[in-house]
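**Student:** Positions 1 to 67 (the UniProt record's numbering) are the ones given, in order, by the sequence shown.
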Amino acid sequence: MILENELTRKIILFNLFAIVVLVMLYRNIDLVMVLISIIFVLITIIIIAYKKHSIRNAVEDNRIKRE
Numbered sequence: 001m002i003l004e005n006e007l008t009r010k011i012i013l014f015n016l017f018a019i020v021v022l023v024m025l026y027r028n029i030d031l032v033m034v035l036i037s038i039i040f041v042l043i044t045i046i047i048i049a050y051k052k053h054s055i056r057n058a059v060e061d062n063r064i065k066r067e
C-alpha cells in the first residue's frame, strides 16, 4: 500500500507539473488545452481509484476463500 500511495503521488505530481510547464510555455494558453489537461488528470485519478478498489476486492476475496 505504501508503494501504491507513492506511485499515486508521483503520477498526480507529474500531471500537475506537466500542466504548469504548459502554462509557462504558452502564457496565452487556449482554454481547450487547459480543459484537456484537467480531463487527463481526472482520468488518471479515476484509473488509480479503480485499481485500488479492485485490489481491495481481491484482498477481500482471498480472506473469504481462506475462511
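Cβ coordinates follow ideal geometry from the N, Cα and C atoms, glycine included. For clarity, every value in this text was computed on a predicted model and none was experimentally measured.
#1: State the Cα-Cα distance for the pair Ser54 and Asp61, rounded to the nearest angstrom.
#2: Under 8 Å by Cβ, that's how I've got Ile43 and Thr8 pegged, so tell me the actual separation to the nearest angstrom.
#3: Find the nearest neighbour of Ile12 within the set Asn57, Val59 and Ile46, judged by alpha-carbon distance.
#4: Compute the Euclidean distance between the alpha carbons of Leu19 and Lys52, then round it to the nearest angstrom.
**Tutor:** With the structure as the only source:
#1: Roughly 10 Å between the two C-alpha positions.
#2: That belief does not hold up - the Cβ atoms of Ile43 and Thr8 are roughly 14 Å apart, past 8 Å.
#3: Of the listed residues, the one whose Cα sits closest to Ile12 is Ile46.
#4: The sequence given here has Ile at residue 19, not Leu. The alpha-carbon atoms of Ile19 and Lys52 are separated by roughly 25 Å.
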